[in-house]
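Participant:
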């Protein structure tokens, strides 16, 4: 005598991911054209402190842009400048400051928050936007290679809690993503390089032709040539967008995010107390799991050396002293807890073809670490 | 030379809304059957203090149920008991306690939070569940008429902030909703009655036959007969579910929630410092906007009197002294701010047929209030 009603519906999401240059020069209409035309728009700007320092005229430029386009939108207060990097996600007072601004300046569900910064700041502001009024429209303007080709084009946001990364967050697609390549010019060499490892990641598990392209352009990328970097970012972003829309955007099921090389990377960031940056750790994590794939008999030595050579040409380290010892192995267990359920690790069946396994041989991991150490010391790798 | 990638995808949501009795008696398998079978489930229970007091054996029963079904699921800690009513949404330490429990007891995205309580507690726990690990599965077990037929079957959660109701929240469909009619037996008369006004609301704007049914059963409902109450709840819940799945579940566009009678209700709750409960305020708000619809020439006096008579038979007041004066009119403006954009008010074109307007005549509102005052004083209304 139970009654059961099955509720079911689908919610359509749609957002543009744009690539441009100098988006706040007055003649660039990309930003204003994104805003809905049904009423005069109100836009709250939040700016990463690091970006503001590297671009000292940015806020004046934003004000001038708003002034010039005052028929379309207005800014209710000066842009809010927040600390950059992981620190912005560790202290709850920072996201709460953004929430409070939505209250003070009447930013409602039909208004906008535009965030300019690196991936961490975008994660944090995205969380504040997602929970205020059950979701204020968010325009993401990522400023690093890593956020432009990877984190900022997706559907997640987050802050840290209990010493755990991304403990609080939601799946909330942005209103729009605006990649401005101009911001890349002021990145330091480490940040320029770091984001490339996520492109190598998707290439290795999904698309041999993209890997071959990166390999061919690795010297140019290392020299900070802008044209191949733009192509790399657009191609990598497209692959991420396809992955998200392809199957399970909000990760309800057991489908995995694109996390090749990430179990060791997460652990390494912690073991080095974040001396090694995320993209650098991912490079080492990829190198490790590629070496493991080779030792397992899945990819040839020649293929492994191609991977290592690309990283070295780009200027990455493929080893860190903290990889030695048993701490690394604990990372496997933590990765399992992080995802919930069964351990799932992506390895390489071939260049451009990932395959999942559900256990890893600890002895083979130790051997892989030893190989990485010697790769790191070798000046010239012989590749085919 | 801008490049634009249009990302688009749909996310399917599905959840059962179940109606049963005595769901934690050991032989009732509804709850265990809901849990996914791919692994042993972990369920964190949160219980409304008021429910716990009215059902002093509830927690022992939950423990016995978990013990009897330990092959399917386990509870990692004693149920967390939280203060009930709006207070649970006003103090951030309460939802944070739930978030902290997910951390302490390893409640991940494949675990569950089951919340037993009134609408406010379900809103608050829903918010904690939605933001922890980007969404822990939530099983809602509403215990009041109002939450069983209305708030808990939908897709929203929230807490209050800055003195504003529901300032923080998300649109996050539950994993399942389990309505146990047994909980209704211990409601006080005011709470039993309150929830009926939301059913009258949907009936008046959408379904004449449902209104006629409520009218025919109003005396039985007033006498707390369980059978018509169960029918009312199921029918009202079904209408809400249809409304949500019908068009714009996450309210991206300008489609309105089912908020007939709610602009005055929200204001009245505040003006009376919550002496008047939500459902009671909604009854008065509906009576007000129905009277306004009559004075505007949209519904006949006979139809208006039928509406007023139903409320009076059920034991509702259709007037409160705080309706007088100019404060009420301010509620119109606040309602507009709350929804964002243009003012939109639902009125009645006929019984069972709502129609939206975008302005209200203040003089006609004052006249409606005067009429309500006299209706409230009249013992016997002459209805057809």
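Chains as they are written, first to last, in our numbering: chain F, 414 to 797; chain E, 414 to 797.
All residues carry an ideal CB built from backbone N, CA and C; glycine is no exception.
Note that the coordinates shown come from a computational prediction; the quantities given were computed from them, not determined experimentally.
Check for me: the beta strand (DSSP E) holding residue 767(E) runs from which residue to which?
Facilitator: Numbered from its first residue, the second chain carries residue 767(E) at position 354. 766-770 is the extent of the beta strand (DSSP E) around residue 767(E).
Participant: Please report whether the beta-carbon of residue 459(F) lies at a distance below 8 Å from any beta-carbon of chain A.
Facilitator: The structure shown has no chain A; the protein chains it does contain are F and E.
Participant: Quick one: is residue 516(F) near chain E, going by C-beta distance under 8 Å?
Facilitator: Reading the first chain from its first residue, position 103 is the one you call residue 516(F). Chain E, which has a Cβ nearer than 8 Å to the Cβ of residue 516(F), makes this yes.
Participant: Enumerate, from N- to C-terminal direction, the unbroken beta strand (DSSP E) stretches of 3 or more residues contained entirely within the stretch 494-555 of chain E.
Facilitator: Qualifying beta strand (DSSP E) stretches, in chain order: 525-530, 550-555.
Participant: Which residues does DSSP list as the beta-bridge partners of residue 570(F)?
Facilitator: In the first chain, the residue the question calls residue 570(F) occupies position 157. In DSSP, residue 570(F) forms a bridge with 583(F).
Participant: Entirely within the stretch 572-635 of chain F and at least 4 residues each: give me those alpha helix (DSSP H) ranges in chain order.
Facilitator: Counting whole runs of 4 or more residues, the stretch 572-635 of chain F contains the alpha helix (DSSP H) stretches 602-607, 609-619, 621-629, 631-635.
Participant: Near residue 682(E), what residues of its chain come up, given a Cβ to Cβ distance below 7 Å and the 5 sequence neighbours on each side ignored?
Facilitator: Numbered from its first residue, the second chain carries residue 682(E) at position 269. Only 689, 691, 694 meet the Cβ criterion.
Participant: Rounded to the nearest angstrom, how far is the Cβ of residue 487(E) from that of residue 495(E), given a contact under 8 Å?
Facilitator: As a first step, residue 487(E) is located in the second chain; it is residue number 74 there, counting from the start. As a first step, residue 495(E) is located in the second chain; it is residue number 82 there, counting from the start. Between residue 495(E) and residue 487(E) the Cβ distance is about 21 Å, and since that is not below 8 Å, they are no contact.
Participant: As an exercise, report each continuous alpha helix (DSSP H) stretch of at least 4 residues that is fully enclosed by the stretch 678-760 of chain E, in chain order.
Facilitator: List check, alpha helix (DSSP H) in window: 691-708, 714-727, 740-752.
Participant: For residue 415(F), does the count of other Cβ atoms within 10 angstroms reach 16, so buried, or fall short, so exposed?
Facilitator: Here residue 415(F) is taken as the residue at index 2 of the first chain, counted from 1. With fewer than 16 Cβ atoms within 10 Å of its Cβ, residue 415(F) is classed as exposed.
Participant: Does the stretch 507-518 of chain E touch the stretch 644-654 of chain E, meaning 3 or more C-beta pairs lie closer than 8 Å?
Facilitator: Short answer: they don't touch.
Participant: I'd like to know if residue 420(E) contacts chain F, where contact means its C-beta is closer than 8 Å to some C-beta of that chain.
Facilitator: The residue labelled residue 420(E) in the question sits at position 7 within the second chain. Answer yes: the Cβ-Cβ gap between residue 420(E) and chain F drops below 8 Å somewhere.
Participant: Please look up how many angstroms separate the CB atoms of residue 435(F) and residue 593(F), rounded, as I've assumed it's under 8 Å.
Facilitator: Counting from 1 along the first chain, the entry for residue 435(F) is found at position 22. Counting from 1 along the first chain, the entry for residue 593(F) is found at position 180. So it is a contact: roughly 7 Å between Cβ atoms.
Participant: Can you pull out the residues from the stretch 570-584 of chain F whose beta carbon lies closer than 9 Å to at least one beta carbon of chain E?
Facilitator: Listed by position, the residues of the stretch 570-584 of chain F near chain E (Cβ gap below 9 Å) are 570, 571, 574, 575, 577, 579, 580, 581, 582, 583, 584.
Participant: Is the CB of residue 631(F) under 8 Å away from at least one CB in chain E?
Facilitator: Residue numbering aside, residue 631(F) sits at position 218 when the first chain is read from its first letter. By this cut-off, residue 631(F) is not an interface position.
Participant: Assuming residue 540(E) and residue 571(E) form a contact by the criterion Cβ under 8 Å, report the distance between their Cβ atoms to the nearest whole angstrom.
Facilitator: Numbered from 1 along the second chain, position 127 holds the residue referred to as residue 540(E). Numbered from 1 along the second chain, position 158 holds the residue referred to as residue 571(E). Indeed, because the Cβ distance is near 6 Å, the residues count as touching under 8 Å.
Participant: Rounded to whole angstroms, what's the CA-CA distance from residue 797(F) to residue 624(F)? Just pull it up for me.
Facilitator: What you label residue 797(F) is simply residue 384 of the first chain in a count that begins at 1. What you label residue 624(F) is simply residue 211 of the first chain in a count that begins at 1. Here the model assigns residue 797(F) a pLDDT of 43, short of 50, so the residue's position is not dependable and the matter cannot be decided.
Participant: Does DSSP put residue 650(F) in a helix, a strand or coil?
Facilitator: If you number the first chain from 1, residue 650(F) lands on position 237. It is helical.
Participant: Tell me which residues share the same chain as residue 580(F) and place their Cβ nearer than 7 Å to its Cβ, disregarding the 5 neighbours each side in the sequence.
Facilitator: Taking the first residue of the first chain as 1, we reach residue 580(F) at position 167. Correct list, in chain order: 573, 574.
Participant: What three-state label does DSSP hand residue 665(F) in the structure shown?
Facilitator: Here residue 665(F) is taken as the residue at index 252 of the first chain, counted from 1. Three-state DSSP puts residue 665(F) in coil, outside helix and strand.
Participant: With 7 Å as the limit, tell me which residues of the stretch 660-686 of chain E have their beta carbon closer than that to any beta carbon of chain F; keep them in chain order.
Facilitator: Listed in sequence order: 662, 663.
Participant: Closer than 8 Å, CB to CB, is residue 650(F) near chain E or not?
Facilitator: In the first chain, counting from the first residue as 1, residue 650(F) sits at position 237. So yes, residue 650(F) belongs to the interface.
Participant: Give the secondary structure of residue 475(E) by DSSP, where H, G and I count as helix, E and B as strand, and everything else as coil.
Facilitator: By 1-based counting over the second chain, the position of residue 475(E) is 62. Three-state DSSP puts residue 475(E) in a helix.
Participant: Taking Cβ-Cβ distances shorter than 8 Å, what residues in chain E pair up with residue 443(F)?
Facilitator: The residue you call residue 443(F) lines up with position 30 of the first chain. Near residue 443(F) (Cβ distances below 8 Å), the residues of chain E are 415.
Participant: With respect to the alpha helix (DSSP H) encompassing residue 466(E), which residues constitute its N-terminal and C-terminal limits?
Facilitator: Looking up residue 466(E) in the second chain gives position 53. From DSSP, the alpha helix (DSSP H) with residue 466(E) extends over 462-467.
Participant: Please classify residue 549(E) as buried or exposed, where buried requires at least 16 neighbouring CB atoms within 10 angstroms.
Facilitator: Residue 549(E) sits at position 136 when you count from the first residue of the second chain. Classification for residue 549(E): buried.
Participant: Within a Cβ cutoff of 6 Å, which residues of the same chain sit near residue 472(F), ignoring the five residues on either side of it in sequence?
Facilitator: Numbered from 1 along the first chain, position 59 holds the residue referred to as residue 472(F). Same-chain partners within the cutoff: 492.
Participant: Which whole-angstrom value is the C-beta distance of residue 607(E) and residue 559(E), which I expect to be below 8 Å?
Facilitator: For the purposes of this step, residue 607(E) is identified with residue 194 of the second chain, where counting begins at 1. For the purposes of this step, residue 559(E) is identified with residue 146 of the second chain, where counting begins at 1. That pair is a contact at about 6 Å.
Participant: Out of curiosity, what's the CA-to-CA distance linking residue 534(E) and residue 419(F)?
Facilitator: Position 121 of the second chain holds residue 534(E). Position 6 of the first chain holds residue 419(F). Each residue's alpha carbon lies about 24 Å from the other.
Participant: Check whether the Cβ atoms of residue 590(F) and residue 565(F) lie closer than 8 Å to each other.
Facilitator: Start at 1 with the first residue of the first chain, and residue 590(F) comes out as number 177. Start at 1 with the first residue of the first chain, and residue 565(F) comes out as number 152. Taking 8 Å as the Cβ cut-off, residue 590(F) and residue 565(F) qualify as a contacting pair.
Participant: Relative to the alpha-carbon of residue 733(E), which residue among 677(E), 712(E), 748(E), 440(E) has its alpha-carbon at the smallest distance?
Facilitator: Your numbering for residue 733(E) matches position 320 in the second chain. The shortest Cα separation from residue 733(E) among 677(E), 712(E), 748(E), 440(E) belongs to 677(E).
Participant: Kindly indicate the opening and closing residues of the alpha helix (DSSP H) around residue 444(E).
Facilitator: As a first step, residue 444(E) must be located in the second chain, where it is residue number 31. Where residue 444(E) is concerned, the enclosing alpha helix (DSSP H) stretches over 443-447.
Participant: State yes or no: is the beta carbon of residue 654(F) nearer than 8 Å to at least one beta carbon in chain E?
Facilitator: On the first chain, position 241 is the one that residue 654(F) refers to. So yes, residue 654(F) belongs to the interface.
Participant: Indicate the three-state DSSP secondary structure (helix, strand or coil) for residue 418(F) in the structure shown.
Facilitator: For this step, residue 418(F) is matched to residue 5 along the first chain. Residue 418(F) falls in the strand class under three-state DSSP.
Participant: Is there a C-beta anywhere in chain E that falls below 8 Å from the one on residue 797(F)?
Facilitator: For the purposes of this step, residue 797(F) is taken as residue 384 along the first chain, with counting starting at 1. Its pLDDT being 43, under 50, residue 797(F) is placed unreliably by the model, and the measurement read from it follows with that caveat. Not one chain E Cβ lies under 8 Å of residue 797(F).
Participant: Quick check on the burial criterion: 16 or more other C-beta atoms within 10 angstroms. Buried or exposed for residue 553(E)?
Facilitator: For this step, residue 553(E) is matched to residue 140 along the second chain. With 16 or more Cβ atoms within 10 Å of its Cβ, residue 553(E) is classed as buried.
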